[in-house]
Ligand SMILES: [Zn+2]
Ligand SMILES: [Zn+2]
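In this note's numbering, the protein residues as written are 175 to 337.
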């Protein structure tokens with residue numbers, strides 16, 4: 175049997191450091207309870223709530239603004255259009271951008287690209303088109319993505335969400 179080390183080592187209280195008390199994943203304050211991710215219930219709730227403001231914030235984080243096109247750097251659909259969102263809720267990036275600056279897209283209308291760059295979300299490169307315009311293959315068959323390798327889009331969107 176090994177000789178017991180001198181002095182009690184168990185339950186030795188260690189200094190409170192950031193190593194043990196991680197910053198709140200939401201607000202960055204040190205969390206009081208070891209092993210918890212959030213400092214308060216409010217912070218936890220806030221991460222669950224996908225607020226519009228946060229959505230807009232996250233949207234622009236993924237846009238590379240340039241002199242020309244503002245390119246979407248996040249996930250794209252099989253057709254090359256930017257998509258973003260969470261889990262089963264997915265939006266097309268250019269449609270989202272259009273609505274941010276112009277308000278809701280009227281039913282049955284499509285958001286087309288003047289620049290022919292499907293990843294572009296620059297509002298002044300976008301215009302509303304009719305079904306006829308769409309048939310010229312200039313725009314995207316709007317709305318939320320159905321069909322078209324949907325699960326693949328989700329997977330990629332998730333991947334980007336975890337970045
Ligand atoms: Zn917090
Ligand atoms: Zn453009």
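Every residue, glycine too, gets a C-beta built ideally from N, C-alpha and C.
Residue i versus the options, residue with shortest Cα-Cα distance
i	options	result
residue 200	206, 226, 217 and 291	217
residue 269	196, 299 and 252	299
Residues that DSSP places opposite residue i in a beta bridge
i	result
residue 287	300
residue 197	204
Backbone CA spacing between residue i and residue j [nearest angstrom]
i	j	result
residue 210	residue 228	23 angstroms
residue 301	residue 287	6 angstroms
residue 289	residue 258	21 angstroms
residue 235	residue 248	9 angstroms
residue 291	residue 208	49 angstroms
residue 279	residue 303	10 angstroms
residue 149	residue 195	No answer is possible for residue 149: the residues shown for the chain start at 175 and end at 337.
residue 253	residue 266	11 angstroms
Opening and closing residue of the alpha helix (DSSP H) in which residue i lies
i	result
residue 234	226-235
As assigned by DSSP and simplified to three states, the class of residue i
i	result
residue 250	strand
residue 217	helix
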